[in-house]
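Below is one structure, written out as structure tokens; the observations come after it.
Residue numbers (the numbering used here): 5 to 208.
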């Protein structure tokens, strides 16, 4: 079975299918895989420990900020884009490498979105449809393969998959492939420009 890292690297390759200007021939995917594998190892745990403490706090604070004027549920691509932009303005966040990741989320074994690459490509090709809720999920992947998801818990309640109030609001889910969880993440596309392919910027 492919690991999250395997799927993540494969999702970088898939960008060529949605953006003809992205040329995979210029990239050494074995080297990319090995680089991320080295970062996702015990030898880097101490380095990332303080970074994760900072990011958990920053993500939680941003979720609170965003939720004052917007619903978090069904706003994954917007929240990721805005949080990533806000983070880039902080001096202490210099060097933090989040990648916008699109794909499927499994909760207690159930695939919440049932997205595939064909339907994802069709969504991108349709361009911005501002009157529609996109049936996709977007999260942020740090370069050590840790997932930061600022909207999935709110979205589960909005979809009726959990009763309202099940999770504190707002809540940020931090997920890793090597930690037991009710969640599982399966990336299909890594694309930092995804928001701009399907939406228009609206800062809260």
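Even for Gly, the Cβ is constructed at its ideal location relative to N, Cα and C.
Note that the coordinates shown come from a computational prediction; the quantities given were computed from them, not determined experimentally.
- Looking at the backbone, the Cα of residue 130 and that of residue 123 are separated by about 11 Å.
- For residue 44, the CB contacts under 7 Å within the same chain, skipping 5 residues up- and downstream, are 9, 148, 149 in chain order.
- In this structure the stretch 164-174 does not lie against the stretch 133-141, because fewer than three pairs of beta carbons, one per stretch, are closer than 8 Å.
- In this structure, 82 is the residue among 82, 24, 54 with its C-alpha nearest to the C-alpha of residue 134.
- Under the DSSP definition of a beta bridge, residue 107 partners with 141, 191.
- Note that the C-beta distance between residue 106 and residue 31 is not below 8 Å.
- Under the DSSP assignment, residue 83 falls outside any beta strand (DSSP E), being part of the alpha helix (DSSP H) whose first and last residues are 80-92.
- Per the coordinates, the alpha-carbon of residue 61 lies some 17 Å from the alpha-carbon of residue 156.
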